[in-house]
Amino acid sequence: MRLQDQQLARQLMRLRSDINKLKIEQTCHLHQRMLNDATYELEERDELSDLFCDFPLMSSFSLSTPLKLIGVTKMNINSRRFSLC
Numbered sequence: 010m011r012l013q014d015q016q017l018a019r020q021l022m023r024l025r026s027d028i029n030k031l032k033i034e035q036t037c038h039l040h041q042r043m044l045n046d047a048t049y050e051l052e053e054r055d056e057l058s059d060l061f062c063d064f065p066l067m068s069s070f071s072l073s074t075p076l077k078l079i080g081v082t083k084m085n086i087n088s089r090r091f092s093l094c
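Using this note's numbering, you'd call the opening residue of the sequence shown number 10 and step up by one each time.
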């Protein structure tokens, strides 16, 4: 009886190990597919960017819309008429 219990326990441990290996393999394949998709999208974006005209780059001093809504302007920032507190 004890021998059968030990054999069954070993068999269950092997099954558990096999299941964990399969889960890891599936996760690796999923992540590899995600990386491949991201790489493909980046390559596609690079190819498409060559076809379209370039957009003007945003100035480092340009303000986001929320700052404009509260009245912060380029003049305010340049003349330091605001507080960061």
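No residue lacks a Cβ here, since even glycine has one placed at the ideal position from N, Cα and C.
Distance between arginine 23 and leucine 60 (C-alpha atoms, nearest Å): Numbered from 1 along the sequence shown, position 51 holds the residue referred to as residue 60. Numbered from 1 along the sequence shown, position 14 holds the residue referred to as residue 23. Cα-Cα distance, rounded: 56 Å.
Phenylalanine 91, DSSP secondary structure in three states: One-based indexing of the sequence shown puts residue 91 at position 82. For phenylalanine 91, the predicted structure reports a pLDDT of 49, less than 50, and the residue's modelled location is therefore unreliable. The matter cannot be settled from this model.
Distance between glutamine 41 and leucine 47 (C-alpha atoms, nearest Å): In the sequence shown, the residue the question calls residue 47 occupies position 38. In the sequence shown, the residue the question calls residue 41 occupies position 32. Reading off the sequence shown, one finds alanine at residue 47, where the question assumed leucine. Cα to Cα, the separation comes out at about 10 Å.
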